[in-house]
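A.B. asks: Questions regarding the structure given below will be posed in turn.
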Amino acid sequence: MVLSAVLVTGCGSDEPAVVSVPTDGAVVASGPRVLLDAQRLTVLDQPLRYPTKGKAQVSSSIITIEPGQETGWIKNPTPTYAYVLEGALTVEYDGGVVKEFRAGTALLEAVGTWHNGTNAGTETVRMLLVSMGAKGVKNMVKRP
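If you're matching positions, the sequence shown starts at 20 in the numbering used here and goes up one per residue.
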């Protein structure tokens with residue numbers, strides 16, 4: 020019997036979760052892999068605060084940044100969870116702070132702080148973004 024393994028994420032255990040899919044289509048899973056657990060601070064040590072105006076809503080996307088490309092200066096008015104799927108992203112924040120986030124890194128992005136992400140490497144960067152916002156509140160704003 021041929022098996023293939025797929026990484027699955029979740030919370031509640033420190034063990035990596037592996038789902039084995041036998042050729043007959045049955046799925047067997049083992050414990051989840053925790054990416055963030057009770058995170059209360061952003062990458063700039065800001066306390067996590069949810070929007071208080073508008074009905075809560077969650078949006079998600081996967082972004083791709085090719086080598087040599089950048090995001091442009093943006094800020095997130097709402098809390099945003101990010102997980103680097105592939106590559107490494109270097110982010111410069113207002114005030115000169117620079118951080119690098121590599122594949123496998125989970126984080127809460129800075130809220131209300133201008134930042135610019137650059138792919139200075141040779142591999143494509145792919146990131147999962149999950150914005151925890153509210154109706155009528157933009158999840159991301161580009162610098163004019």
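Built from N, CA and C at the ideal position, the CB exists for glycine as well.
DSSP three-state label for glycine 123, please.
C.D. replies: Three-state result, glycine 123: coil.
A.B. asks: Please name the residue in Val117, Val156, Asn138 and Gly152 whose C-alpha comes closest to that of isoleucine 8.
C.D. replies: The structure shown has nothing for residue 8, since the chain only spans 20 to 163.
A.B. asks: Can you name the residues that DSSP bridges to serine 79?
C.D. replies: Looking at the DSSP assignment, serine 79 forms a beta bridge with Val149.
A.B. asks: Excluding five sequence neighbours on each side, which residues of the same chain lie with their C-beta closer than 8 Å to the C-beta of aspartate 113?
C.D. replies: The residues are Thr132, Trp133 and His134.
A.B. asks: Counting only beta-carbon separations shorter than 9 Å, does alanine 48 have a partner in chain D?
C.D. replies: The structure shown contains no chain D; it holds only a single protein chain.
A.B. asks: Would you report the Cα separation of glutamine 58 and valine 77, rounded to the nearest angstrom?
C.D. replies: Between glutamine 58 and valine 77, the C-alpha separation is close to 17 Å.
A.B. asks: Below 8 Å, can you find three or more Cβ-Cβ pairs linking the stretch 100-120 to the stretch 64-76?
C.D. replies: Cβ pair count under 8 Å is below three, so no.
A.B. asks: Got a sec, what are the start and stop residues for the beta strand (DSSP E) glycine 131 sits in?
C.D. replies: Unbroken run through glycine 131: none, as it is neither H nor E.
A.B. asks: Provide the residue span of the beta strand (DSSP E) that contains threonine 99, from first to last.
C.D. replies: First-last of the beta strand (DSSP E) with threonine 99: 99-105.
A.B. asks: So, helix, strand or coil for lysine 154, using DSSP?
C.D. replies: In the structure shown, lysine 154 sits in coil (DSSP, three-state: anything other than H, G, I, E or B).
A.B. asks: Can alanine 129 and lysine 94 be called in contact, C-beta distance under 9 Å?
C.D. replies: Yes; because the gap between Cβ atoms is below 9 Å, this pair is in contact.
A.B. asks: Using a threshold of 9 Å, state whether the C-beta atoms of glycine 106 and valine 144 are closer than that.
C.D. replies: Yes; because the gap between Cβ atoms is below 9 Å, this pair is in contact.
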